[in-house]
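Q: In the UniProt record's numbering, the protein residues as written are 1 to 465.
Here a beta-carbon is modelled for each residue, glycine too, at the ideal position from N, C-alpha and C.
Keep in mind that this is a model prediction, so the values were computed, not measured.
1) Residues in the same chain with beta-carbon distance under 6 Å from residue 204, minus the five sequence neighbours each way, listed in chain order, please.
2) Is residue 302 helix, strand or coil by DSSP?
3) DSSP on residue 271, reduced to helix/strand/coil?
4) Below 8 Å, can you find three or more Cβ-Cβ pairs linking the stretch 49 to 59 to the stretch 376 to 392?
5) Rounded to whole angstroms, what is the Cα-Cα separation between residue 391 and residue 406?
6) Does the beta-carbon distance from residue 171 to residue 22 come in below 7 Å?
7) Beta-carbon within less than 6 Å of residue 129's beta-carbon, same chain only, minus the 5 sequence neighbours each way: which residues are those?
8) Would you list, in sequence order, the uninterrupted alpha helix (DSSP H) runs of no fewer than 4 residues that lie entirely inside the stretch 46 to 110?
9) Applying the criterion that 16 or more other CB atoms from any shown protein chain within 10 Å of the CB defines a buried residue, is residue 123 buried or exposed?
10) With contact counted as at least three CB pairs below 8 Å, one residue from each stretch, are the stretch 329 to 341 and the stretch 309 to 320 in contact?
11) State the DSSP-derived secondary structure class of residue 340, mapped to helix, strand or coil.
12) Taking DSSP as the reference, what is the three-state secondary structure of residue 166?
13) Taking contact to mean at least 3 C-beta pairs separated by less than 8 Å, is the stretch 241 to 253 in contact with the stretch 98 to 110?
14) Thinking C-beta only, is residue 180 closer than 7 Å to residue 67?
15) Starting from residue 25, follow the beta strand (DSSP E) in both directions and report where the run begins and ends.
16) Skipping 5 residues on each side, what residues in its chain have a beta carbon closer than 8 Å to that of residue 258?
17) Return helix, strand or coil for residue 1, following the three-state DSSP convention.
18) Checking the sheet assignment: what are the DSSP bridge partners for residue 211?
19) Would DSSP call residue 261 helix, strand or coil?
20) Under a Cβ-count criterion, where at least 16 other Cβ atoms within 10 Å of its own Cβ denotes burial, should residue 335 be classed as buried or exposed?
21) Where are the alpha helix (DSSP H) runs, 4 residues long or more, that stay fully inside the stretch 407 to 436, in chain order?
22) Under a three-way DSSP split, which group does residue 42 fall into?
23) With a threshold of 8 Å on Cβ separation, who are the neighbours of residue 325 within its own chain once the five nearest residues in sequence on each side are excluded?
24) What are the boundary residues of the alpha helix (DSSP H) that residue 384 is part of?
25) Excluding the 5 residues flanking residue 121 on each side, which residues of the same chain have their C-beta closer than 7 Å to its C-beta?
26) Would you check if the distance between the CB atom of residue 2 and the CB atom of residue 145 is smaller than 7 Å?
27) Let me check understanding here. Comparing Cα to Cα, which of 206, 140, 459, 93 lies closest to residue 283?
28) Consult DSSP for residue 8 and reduce its assignment to one of helix, strand or coil.
29) Decide if the stretch 218 to 234 is in contact with the stretch 440 to 452; the criterion is three or more beta carbon pairs, one per stretch, under 8 Å apart.
30) Excluding the 5 residues flanking residue 182 on each side, which residues of the same chain have their C-beta closer than 6 Å to its C-beta?
31) Taking the alpha helix (DSSP H) that residue 466 falls in, what are its first and last residues?
32) Could you check whether the stretch 286 to 294 touches the stretch 338 to 347, counting it as contact only if at least three pairs of C-beta atoms, one from each stretch, sit closer than 8 Å?
33) Ends of the beta strand (DSSP E) at residue 137?
34) Can you give the Cα-Cα distance for residue 45 and residue 316, rounded to whole angstroms?
35) What residue range is occupied by the uninterrupted beta strand (DSSP E) comprising residue 149?
36) Are the beta-carbon atoms of residue 178 and residue 115 separated by less than 7 Å?
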């Protein structure tokens, strides 16, 4: 394999069989009879994937040096939580200081299937990527042949002359490079934040982009420039799925019905699912927590036959809960501000499952429901609210270790001047994590968070006290 990859690297020519991919349509959601609700995943030869993994490792240093901090999609050390946290901090601090923010959540039509390959190669060259790597990328995308498989049926082969193959590890990096070229040519600020620089801020995760501005005009201008450059490379904005949101502490400001940008009008919404997390115009985190409980409940009922089964042991059922239900329930919990009612709802949901796992207890001649402390003694782990605290404190340590230009860190550290509303202020995310640290006597947390091992011990101590 090493000799073959080395020969391909030198000659810039690979076996014809590696050009063929089998596309398997996977239903995303919605009506199964609509082809637009499917995502085509390309199944590729394993040997080809070895080649592209080598190519990715060589391309990664150049891509990481070029791509701005606004982009967190498919990058080492970054995830959707970075962008969700950044967005929630922007909403929290702007609402607290009565600063309005305008958001346009941009969605592209068939983002990975649409880019013009010649424009991609030109963008790579303009950004200074070595010609050798560009030619190798061209080799992987030239003469690509595909067929579609549904069940036991397979279509005839056909050539694809545009787009990137979903399922190819190289595609994600190439798409990020193309988006970087679009943003640069559009002239949109790539490193500033809306809280400190008052400029338009972008939050990107691959093709999912949130354009944030202090005014409608700023958002409209940024969108117009991005759409223009996107069209040049073959990307088209999905006007039906692109939504506009006004985040304000004043109800009158949130009543904007739509945003007009050129010949396009975008619907104004009060809630939007951004990277799997529910974002509201009032930054109501309780909305997302209730949604998470609902999704986890669906997952639980989908597994109910396993939880009801007497053939499965208690440890196995606990493993099912921890591996299949908890990740659904606690997705994005690092960013939550949990009030008392939210904590109660989370606890009720968890104890419902634990009571199903452990069942009632026999006292004398009768059975009774187990008390809460009895459940957690059998469970042998912290409760769900403590689990949320652990995730928040872990994330706090991650923020302390971020680069100084990371948007999540810049927004978290930002101190903005504004006029607060009368009455009791909302509980802030920072208040809750600092309260957990002060309870355990932790000081100088930024310096102590640099040591990962020591920080893990601090997190455990802060929760167990």
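A: Taking the coordinates as given:
1) The residue given as residue 204 occupies position 204 in the chain shown. Once the five neighbours on either side are set aside, the close Cβ partners of residue 204 are 70, 71.
2) Locating residue 302 in the chain shown gives position 302, counting from the first residue. Looking at residue 302 - three-state DSSP - the assignment turns out to be helix.
3) Working through the chain shown from its first residue, we reach residue 271 at position 271. The answer is strand: DSSP assigns residue 271 an E or B state.
4) no
5) Here residue 391 refers to the residue found at position 391 when the chain shown is read from its first residue. Here residue 406 refers to the residue found at position 406 when the chain shown is read from its first residue. So the two alpha carbons sit approximately 20 Å from each other.
6) Residue mapping note: residue 171 aligns to position 171 of the chain shown, counting from 1. Residue mapping note: residue 22 aligns to position 22 of the chain shown, counting from 1. Result no, Cβ atoms of residue 171 and residue 22 do not sit closer than 7 Å.
7) The residue you call residue 129 lines up with position 129 of the chain shown. Within the same chain, residue 129 has close Cβ partners 62.
8) 46 to 66, 80 to 96
9) Reading the chain shown from its first residue, position 123 is the one you call residue 123. Buried is the call here.
10) no
11) Counting from 1 along the chain shown, the entry for residue 340 is found at position 340. Residue 340 falls in the helix class under three-state DSSP.
12) If you number the chain shown from 1, residue 166 lands on position 166. Three-state result, residue 166: coil.
13) yes
14) To locate residue 67, count along the chain shown from 1; it is residue 67. To locate residue 180, count along the chain shown from 1; it is residue 180. Yes. Within cutoff.
15) Here residue 25 corresponds to residue number 25 of the chain shown, with the count starting at 1. Element bounds for residue 25: 20 to 27.
16) By one-based count along the chain shown, residue 258 stands at place 258. Around residue 258: 244, 265, 266, 267, 268.
17) Along the chain shown, one-based indexing puts residue 1 at 1. Residue state, collapsed to three classes: coil.
18) Indexing the chain shown from 1 puts residue 211 at position 211. Beta-bridge pairing links residue 211 to 104, 202.
19) In the chain shown, the residue the question calls residue 261 occupies position 261. Correct three-state label for residue 261: strand.
20) Translated into the one-based positions of the chain shown, residue 335 becomes position 335. Buried is the call here.
21) 407 to 413
22) On the chain shown, position 42 is the one that residue 42 refers to. DSSP places residue 42 in strand when its eight states are reduced to three.
23) The sequence position of residue 325 within the chain shown is 325, counting from 1. Around residue 325: 296, 299, 300, 303, 353.
24) As a working mapping, residue 384 is identified with position 384 in the chain shown. It spans 384 to 400 - the alpha helix (DSSP H) in which residue 384 sits, taken as one unbroken run.
25) Here the question's residue 121 lines up with position 121 in the chain shown. If we look at residue 121 and ignore the five residues flanking it on each side, its Cβ neighbours are 134, 138.
26) Stepping through the chain shown from its first residue, residue 2 is reached at position 2. Stepping through the chain shown from its first residue, residue 145 is reached at position 145. No. Outside cutoff.
27) Here residue 283 corresponds to residue number 283 of the chain shown, with the count starting at 1. Residue 93 is the option with its Cα nearest to residue 283.
28) Here the question's residue 8 lines up with position 8 in the chain shown. Helix.
29) no
30) Numbered from 1 along the chain shown, position 182 holds the residue referred to as residue 182. Excluding sequence neighbours, residue 182 sits near 229, 230.
31) It is not possible to answer for residue 466, since the shown part of the chain is limited to 1 through 465.
32) yes
33) Residue mapping note: residue 137 aligns to position 137 of the chain shown, counting from 1. First-last for residue 137: 131 to 141, but that is the alpha helix (DSSP H), not the beta strand (DSSP E).
34) Start at 1 with the first residue of the chain shown, and residue 45 comes out as number 45. Start at 1 with the first residue of the chain shown, and residue 316 comes out as number 316. Approximately 36 Å, taken between the alpha carbons.
35) Taking the chain shown and counting its residues from 1, the one referred to as residue 149 is at position 149. Note, residue 149: beta strand (DSSP E), 144 to 150.
36) Taking the chain shown and counting its residues from 1, one reaches residue 178 at position 178. Taking the chain shown and counting its residues from 1, one reaches residue 115 at position 115. Yes, the Cβ-Cβ distance between residue 178 and residue 115 is below 7 Å.
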